[in-house]
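Shown next as structure tokens:
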């Protein structure tokens, strides 16, 4: 979880317009409007919100706008969870009684919310102190994560101290793999999280040991040999152009970490190929020099391929549940990003898709198929891919892929084939479908479609299902008559 206070100065509360524009485009959702007077509601204009914030005056406060973001890794936290964090965050920052808005953004791969308020106290007219604001902000977020999810950095670090290490480099690799940053200065190891110094340890007081379980080494060797034969060992670079950081990844590393608790940490400088690796064994809390168990060249194949981190994050979010998914995904993603995707780069999530995402995708897809002519605007939400005589559906915002027939069932699958001219059904039923759709007077805002909006179109969906059943009954009647 990352929290940032955006320092851009604004006397006119430009962040209100910025977030309102997101809502208007359908990439944002107003989650909370708190501590405003009764005449300002969720349906009020951005001008009403801005004018009220501007009415709380104090000419001595130069930067009246308070603007912060809370961001989670991919979809780790829902919009409701982020909104709850935002409320707790504002309380801890001293803005709990101030007027503020919380807007959820869904235009990036990481769920996040923006918070906008005023630095002028609405009760006293005094300025709210921004001294040490960033430090206070990080402290508030650590407390919130501990309150809501039991995340305690002191406990986490205490557990890491129990790992068997041989040197300072191994300790730094262990901390980095756990989400911390480190630096050594004046003979002290500084441990940092989200820009905040958590601990500073004297290097001389860190205890190391060469004691290792030889039997465990043999077990790890057997695991490496088995997994190498089952998963791709092709290593490629993931480059973050924003930070210029480079990481070396492979499917083999992912499977070792997720299934066996063995983490691979490469040793390299800049963007040059790794010259060694460590194995962090979370099962026995020990770190091994990889070369002592299996030579790096025997375990991994280093390629020259590189991929942008933002794009790679998209790839890893897809649920790749069988090999049929890979060519379908490649045909969909390669033209969009103008790049070549190697098969060994596709090793997304194997876990089941959360039910709420599955259910939403299924319902939206059914409504799209059942109301084909009038629902084309939903192409911003879903996309259909045909590959090797199979049809897949992609949930674009969530980066999930589904087999169309498994998702919607035979009736809607057949109707999709008819709508797209890929079946032998007559065009008469499709014309009837279009006529029924044209009778619908329901107006749907295509900028910000919600599932509740789609439910208003259920009558047409019912018709589409019934029309398929009617066809089947008519065919049975004709066969019986011929007999």
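Residue numbers (our numbering): 272 to 754.
Where is the CB? At the ideal position from N, CA and C, for every residue including glycine.
Fair warning: this is a prediction, and the values are worked out from it, not measured in the lab.
Using a Cβ-Cβ cutoff of less than 6 angstroms, which residues in the same chain neighbour residue i once the five nearest sequence positions on both sides are dropped?
i, result
"residue 342", "273, 381 and 383"
"residue 454", "461"
"residue 599", "656, 658 and 663"
"residue 359", "415"
"residue 466", "none"
"residue 340", "275, 383 and 385"
"residue 409", "465 and 467"
"residue 379", "none"
Enumerate in chain order the residues of its own chain whose CB-to-CB distance from residue i is below 8 angstroms, with the five nearest sequence positions on each side excluded.
i, result
"residue 553", "532, 533 and 534"
"residue 423", "417"
"residue 567", "545, 547, 548 and 561"
"residue 308", "323"
"residue 281", "334, 335, 336 and 338"
"residue 475", "458"
Within 10 angstroms of its Cβ, does residue i collect 16 or more other Cβ (buried), or is it exposed?
i, result
"residue 338", "buried"
"residue 513", "exposed"
"residue 291", "buried"
"residue 690", "buried"
"residue 442", "buried"
"residue 671", "buried"
"residue 682", "buried"
"residue 444", "buried"
"residue 296", "exposed"
"residue 641", "buried"
"residue 684", "buried"
"residue 419", "exposed"
"residue 666", "buried"
"residue 389", "buried"
"residue 529", "exposed"
"residue 403", "exposed"
"residue 477", "exposed"
"residue 508", "buried"
"residue 504", "buried"
"residue 680", "exposed"
"residue 312", "exposed"
Less than 8 angstroms between the beta carbons of residue i and residue j, yes or no?
i, j, result
"residue 317", "residue 286", "no"
"residue 526", "residue 502", "yes"
"residue 479", "residue 438", "yes"
"residue 558", "residue 551", "yes"
"residue 329", "residue 391", "yes"
"residue 370", "residue 393", "yes"
"residue 398", "residue 331", "yes"
"residue 601", "residue 585", "no"
"residue 372", "residue 469", "no"
"residue 364", "residue 407", "yes"
"residue 511", "residue 580", "yes"
"residue 473", "residue 458", "yes"
"residue 661", "residue 595", "yes"
With a threshold of 7 angstroms, establish whether the CB of residue i neighbours any heavy atom of the ligand MN.
i, result
"residue 451", "Looking at this structure, you won't find the ligand MN or any other ligand, since it has none at all."
Rounded to the nearest angstrom, what separates residue i and residue j at their Cα positions?
i, j, result
"residue 367", "residue 289", "22 angstroms"
"residue 275", "residue 411", "12 angstroms"
"residue 405", "residue 386", "15 angstroms"
"residue 421", "residue 669", "27 angstroms"
"residue 628", "residue 589", "12 angstroms"
"residue 592", "residue 490", "29 angstroms"
"residue 306", "residue 327", "13 angstroms"
"residue 624", "residue 582", "20 angstroms"
"residue 556", "residue 413", "25 angstroms"
"residue 755", "residue 400", "An answer regarding residue 755 cannot be provided, because it is not within the stretch 272 to 754 covered by the chain."
"residue 303", "residue 354", "7 angstroms"
"residue 310", "residue 323", "10 angstroms"
"residue 521", "residue 574", "10 angstroms"
"residue 634", "residue 686", "15 angstroms"
"residue 699", "residue 607", "Any reading at residue 699 must be qualified, since the residue scores a pLDDT of 39, below 50, and its modelled position is unreliable; the value itself is stated next. Taking the straight line joining both Cα atoms gives about 36 angstroms."
"residue 617", "residue 519", "15 angstroms"
"residue 500", "residue 570", "10 angstroms"
"residue 495", "residue 614", "21 angstroms"
"residue 321", "residue 348", "29 angstroms"
"residue 541", "residue 515", "9 angstroms"
"residue 427", "residue 436", "17 angstroms"
"residue 344", "residue 450", "12 angstroms"
"residue 630", "residue 456", "52 angstroms"
"residue 431", "residue 578", "32 angstroms"
"residue 731", "residue 620", "Residue confidence for residue 731 is low, a pLDDT of 39 falling below 50, so the modelled location carries little weight and cannot support an answer."
"residue 294", "residue 356", "20 angstroms"
"residue 676", "residue 597", "18 angstroms"
"residue 650", "residue 315", "29 angstroms"
Answer with yes or no whether the minimum CB distance from residue i to chain B is below 8 angstroms.
i, result
"residue 650", "Although the question refers to chain B, the structure presented lacks it and comprises just one protein chain."
Quick one: what's got a C-beta closer than 7 angstroms to residue i's C-beta in the same chain, skipping five residues either side?
i, result
"residue 604", "612"
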